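Numbering (the UniProt record's numbering), first residue to last: 1 to 540.
This is the structure in structure tokens:
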């Protein structure tokens, strides 16, 4: 008879690599501290306390990411380096470190946008009392008293923690948990705009409903893959795939379902319908956070899932990605031409960029053609990591500019309100034009280098017809960027014209960083490309 004592004797506690996971733990710890601040700090101290906690938490996690990167062990069985932590659930490798560093840098700029108060006359852009119905006396009283929801800072940190975990997940269960952790706070944040409350709440509801459907697809796909491989671990799935002869419909169905859940998060067509409405309705600081950090995290997870887990089934899923890439580029580039709202236009721009990224994705070159990890040419992984950095800083900078162009109703998001901005504020118009040119892929900007990198890697992987289509659609996309520039400089303002409100030093820093990175990566892309190459490859 086995006693409880005998069972306890054979039990071994799980091994947790705390140092390797320290950036992740610090972010979640800072989020918990933010919850305690909301519970115990006086209302008049919460804004400053939450801002300090968020900034210190992100900076500490960034420093720890650098230290962990320098301490990652080399792996003799591959060109990569790193370790599998948390009992096999989390892969702490080179690409993870690169993505963590990028996400934390962008999150730091977004914290500054969340903390901006000068544009709204001394209060943040978030609702004073979210529970109050729009237009009611309770809402007016909250606005009169200058109330603000400082809970947005811990919500952002919880979401950021999920974003860090998502691309590092080494099994499908951890990946799903990370997906939900990053998504649930965003559903709340989207509905907390101080102005246009109904539009903001509509955006939150749409995002939540469609996000729930995509999560269901992901779970069902994970169940099918488990039925095929008998494991949720990506390494075990890869071994099962490599031993498969012929088409296995259980595997193909699982890949398709998982792809739906992942492609929803990267705003790929035809799973993009939520993006314009949510980007338009959410507070612009939240939109910047979603557009940059969510997309980077989701693409990192997509890369790991397909390169590590389903790399052996490349010829089964590559045609699907080809079709989705073309459709995404076409939808984003063409529908952006019809938009009259600047945030919706940037949303379709984001969709188009997802298509360009998928162009590099189908090259499926995780290592160079030399086979020994030497930098003989740009790999798909290296190109996509660089593109994500370039895209992230351009996007956050562009939305930061949107925050400072205003009219009587708040942010002047209708394109007609941007007419004549070049005369009203040449500096702001010039900065925004620079970001638009970067997104269009004009030379000497990071956007050009990013597109060159992903197109080069795709051609090396044999996807040159897709690159030809991508180049043609890039020309279409350039038209709507140039249209806004022409509107700012060569059109007469409607009525009183646009007004540029001087932001605080926080938003100014974000815009300056965006300009600096966009210019630097366009002129001197070598260091970041080399860093992306040094990241090596995914481990399992």
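Even for Gly, the Cβ is constructed at its ideal location relative to N, Cα and C. Treat the numbers as computed from the prediction; the structure is a model and nothing was measured.
(message) So the candidates are 338, 93, 401; which of them puts its Cα closest to the Cα of residue 68?
(response) On the chain shown, position 68 is the one that residue 68 refers to. Per the Cα distances, 93.
(request) Identify which residue in 440, 252, 536 has its Cα closest to the Cα of residue 222. (result) Translated into positions along the chain shown, residue 222 becomes position 222. Checking every option, the nearest Cα to that of residue 222 belongs to 252.
(request) Please determine, among 107, 493, 440, the residue with the shortest C-alpha to C-alpha distance to residue 425. (result) Start at 1 with the first residue of the chain shown, and residue 425 comes out as number 425. Taking only the C-alpha atoms, the option nearest residue 425 is 493.
(request) Kindly provide the ranges of any beta strand (DSSP E) runs that are 3 or more residues long and lie completely inside the region 201-231, ordered along the chain. (result) With a minimum length of 3 residues, no continuous beta strand (DSSP E) run stays inside the region 201-231.
(request) Under the assumption that residue 317 contacts residue 306 (Cβ atoms under 8 Å), give the Cβ distance between them as a whole number of angstroms. (result) What you label residue 317 is simply residue 317 of the chain shown in a count that begins at 1. What you label residue 306 is simply residue 306 of the chain shown in a count that begins at 1. Between residue 306 and residue 317 the Cβ distance is about 7 Å, and since that is below 8 Å, they are a contact.
(request) Report the rounded CA-to-CA distance for residue 224 versus residue 250, giving the unit in angstroms. (result) Here residue 224 refers to the residue found at position 224 of the chain shown. Here residue 250 refers to the residue found at position 250 of the chain shown. Taking the straight line from one Cα to the other gives about 6 Å.
(request) Sort 87, 315, 82, 468 by Cα distance to residue 12 and report the nearest one. (result) Residue mapping note: residue 12 aligns to position 12 of the chain shown, counting from 1. In this structure, 87 is the residue among 87, 315, 82, 468 with its C-alpha nearest to the C-alpha of residue 12.
(message) Classify residue 372: buried if its beta carbon has 16 or more other beta carbons within 10 angstroms, exposed otherwise.
(response) By 1-based counting over the chain shown, the position of residue 372 is 372. The predicted model places residue 372 with a pLDDT of 45, which falls under 50 and marks its position as unreliable; any figure quoted below should be read in that light. Exposed, because fewer than 16 other Cβ atoms sit within 10 Å of the Cβ of residue 372.
(request) Alpha carbon to alpha carbon, how far is residue 237 from residue 107? Give it in angstroms, no decimals. (result) Position 107 of the chain shown holds residue 107. Position 237 of the chain shown holds residue 237. Each residue's Cα considered, the two are about 33 Å apart.
(request) State the DSSP-derived secondary structure class of residue 410, mapped to helix, strand or coil. (result) Position 410 of the chain shown, counting from 1, holds the residue named residue 410. When secondary structure is reduced to three states using DSSP, residue 410 falls in the strand class.
(message) Could you compute how far the alpha carbon of residue 485 sits from the alpha carbon of residue 433?
(response) Indexing the chain shown from 1 puts residue 485 at position 485. Indexing the chain shown from 1 puts residue 433 at position 433. Cα-Cα distance, rounded: 6 Å.
(request) Look at the Cβ atom of residue 266, then the Cβ atom of residue 383, and state whether they are nearer than 8 Å. (result) Locating residue 266 in the chain shown gives position 266, where the first residue counts as 1. Locating residue 383 in the chain shown gives position 383, where the first residue counts as 1. Result no, Cβ atoms of residue 266 and residue 383 do not sit closer than 8 Å.
(request) Count the C-beta pairs between the region 436-453 and the region 461-468 that are closer than 8 Å, then say yes if the count reaches three, no if not. (result) No, the region 436-453 is not in contact with the region 461-468.
(request) Please confirm if the region 276-294 is in contact with the region 252-264, defined as three or more CB-CB distances below 8 Å between the two stretches. (result) Because the criterion of three Cβ pairs below 8 Å is not met, the region 276-294 and the region 252-264 do not touch.
(request) Indicate the three-state DSSP secondary structure (helix, strand or coil) for residue 522 in the structure shown. (result) Mapped onto the chain shown, residue 522 falls at position 522. Residue 522: helix per DSSP, three-state reduction.
(request) Any chance you could list the alpha helix (DSSP H) runs of at least 4 consecutive residues sitting entirely within the region 430-481, in chain order? (result) Within the region 430-481, the complete alpha helix (DSSP H) runs of at least 4 residues are 446-460.
(message) Per the DSSP calculation, residue 98 is bridged to which residue(s)?
(response) Position 98 of the chain shown, counting from 1, holds the residue named residue 98. DSSP lists no partner for residue 98.
(message) Using CA atoms only, rank isn't needed, just tell me which of 502, 509, 431 is closest to residue 489.
(response) In the chain shown, the residue the question calls residue 489 occupies position 489. Relative to the Cα of residue 489, the nearest Cα in the group 502, 509, 431 belongs to 431.
(message) Given this structure, state the Cα-to-Cα distance separating residue 370 from residue 47, to the nearest angstrom.
(response) For the purposes of this step, residue 370 is taken as residue 370 along the chain shown, with counting starting at 1. For the purposes of this step, residue 47 is taken as residue 47 along the chain shown, with counting starting at 1. Per-residue confidence for residue 370 stands at a pLDDT of 41, beneath the threshold of 50, marking its modelled position as unreliable; the derived number appears in the next sentence. Separation of residue 370 and residue 47 (C-alpha to C-alpha, rounded to the nearest whole angstrom) is 54 Å.
(message) Output needed for residue 56: all residues of its chain with C-beta closer than 8 Å, excluding positions within five of it in sequence on either side, in chain order.
(response) If you number the chain shown from 1, residue 56 lands on position 56. Result list for residue 56: 30, in chain order.
(message) Only counting the same chain, and skipping five residues up and downstream in sequence, which positions put a Cβ closer than 6 Å to that of residue 96?
(response) Stepping through the chain shown from its first residue, residue 96 is reached at position 96. Around residue 96: 168.
(request) Could you tell me which residues DSSP pairs with residue 90 in its beta bridges? (result) As a position in the chain shown, residue 90 is number 90, starting the count at 1. DSSP, once it has assigned bridges, lists 85, 169 as partnering residue 90.
(message) So, with DSSP's three-state summary, where would you put residue 566?
(response) Nothing about residue 566 can be reported from this structure: the residues present for the chain run from 1 to 540 only.
(request) Assign residue 203 to buried or exposed, taking buried as 16 or more other Cβ atoms, counted over all protein chains shown, within 10 Å of its Cβ. (result) Within the chain shown, the letter at position 203 stands for residue 203. With 16 or more Cβ atoms within 10 Å of its Cβ, residue 203 is classed as buried.
(request) List the whole-angstrom C-beta distance separating residue 528 from residue 389, where the pair is believed to meet the contact cut-off of C-beta under 8 Å. (result) Translated into positions along the chain shown, residue 528 becomes position 528. Translated into positions along the chain shown, residue 389 becomes position 389. So it is a contact: roughly 6 Å between Cβ atoms.
(request) Could you check if residue 77 is buried or exposed, using at least 16 other CB atoms within 10 Å of its CB as the buried criterion? (result) Sequence index remark: in the chain shown, residue 77 carries index 77 (1-based). Residue placement at residue 77 cannot be trusted, given a pLDDT of 49 that sits under 50; what the coordinates show is reported in the next sentence. With fewer than 16 other Cβ atoms within 10 Å, it is exposed.
(request) Give the DSSP-derived three-state secondary structure of residue 341 in the structure shown. (result) As a first step, residue 341 is located in the chain shown; it is residue number 341 there, counting from the start. In the structure shown, residue 341 sits in a strand (DSSP, three-state: E or B).
(message) DSSP has residue 193 in a bridge; who is on the other side?
(response) The residue given as residue 193 occupies position 193 in the chain shown. When DSSP reads this structure, residue 193 sits in a beta bridge with 126.
(request) In angstroms with no decimal places, state the Cα-to-Cα distance between residue 126 and residue 212. (result) Taking the first residue of the chain shown as position 1, residue 126 is located at position 126. Taking the first residue of the chain shown as position 1, residue 212 is located at position 212. Note on geometry: alpha-carbon atoms of residue 126 and residue 212 lie some 24 Å from one another.
(request) Ignore the nearest five residues each way along the sequence and tell me which others in residue 264's own chain have a CB closer than 6 Å to its CB. (result) Here the question's residue 264 lines up with position 264 in the chain shown. For residue 264, where only same-chain residues beyond five positions count, the Cβ hits under 6 Å are 214, 271.
(message) Can you confirm whether the region 318-329 touches the region 400-416 when touching is taken to mean that 3 or more C-beta pairs between the two stretches lie within less than 8 Å?
(response) Contact between the region 400-416 and the region 318-329 is absent, because fewer than three Cβ pairs lie under 8 Å.
(message) To the nearest angstrom, how far is the alpha carbon of residue 392 from that of residue 296?
(response) Position 392 of the chain shown, counted from the start, is the residue given in the question as residue 392. Position 296 of the chain shown, counted from the start, is the residue given in the question as residue 296. Each residue's alpha carbon lies about 8 Å from the other.
(message) Taking the beta carbon of residue 413 as the centre, do at least 16 other beta carbons fall within 10 Å, making it buried, or is it exposed?
(response) One-based indexing of the chain shown puts residue 413 at position 413. Under this definition residue 413 is a buried residue.
(request) Closer than 8 Å by C-beta to residue 456: which residues in its own chain qualify, once you throw out the five before and the five after it? Chain order, please. (result) Taking the first residue of the chain shown as position 1, residue 456 is located at position 456. If the five residues before and after residue 456 are omitted, its C-beta is found closer than 8 Å to the C-beta atoms of 377, 378, 383, all from its own chain and listed in chain order.
(request) Count the other CB atoms, across all protein chains shown, that sit within 10 Å of the CB of residue 232; report buried if there are 16 or more and exposed otherwise. (result) Within the chain shown, residue 232 is the residue found at index 232, counting from 1. Answer is buried; the Cβ neighbour count reaches 16.
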